[in-house]
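Structure first, then comments.
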Amino acid sequence: QVHLVESGGGLVQPGGSLRLSCEASTTVVRLYTMGWYRQTPGKQRELVADISPGGGIDYADFVKGRFTLSRDEDKGSVYLEMNNVQPEDTDVYFCNAEFMCGLSYWGEGTKVTVSS
């Protein structure tokens, strides 16, 4: 069983910054593709960014140049640095760990609200 714990969400003003953290384990972040997704109630969960075990990072077009995903294997954690956030970034953000065989695990999510 893989346990993921997100933190760092909250209220931030437009143009501000926020850093989300996902705590897993050293083994998980080394062997799984780790990703951040977001979801608005009533809509499908969408990929924000993910990092493969080899270190390749993919970003959704709507966050390129604003958000940065990073991984700290020693701490067993991945992070999402969110800069220049906009009201449309308001969502619940979920951490995901997916193994190559398709096994997928989710955290409970952390709420991000962008509002003045």
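First residue of the sequence shown: 30, per the working numbering; consecutive thereafter. Idealized CB from N, CA, C, for every residue including glycine.
query: Please list, in chain order, all residues of the same chain as N113 whose beta carbon is under 7 angstroms from its beta carbon, the five residues on each side excluded.; result: G44 and R95
query: Between which two residues does the beta strand (DSSP E) harbouring T55 extend?; result: Premise fails: T55 lies in the alpha helix (DSSP H), T55 to L60, not in any beta strand (DSSP E).
query: Let me know the secondary structure DSSP gives D103 once reduced to three states.; result: coil
query: When you compare only the Cα positions, how much space is there between T62 and G138?; result: 17 angstroms
query: Since N125 is in the beta strand (DSSP E), which residue starts that stretch and which ends it?; result: D120 to E127
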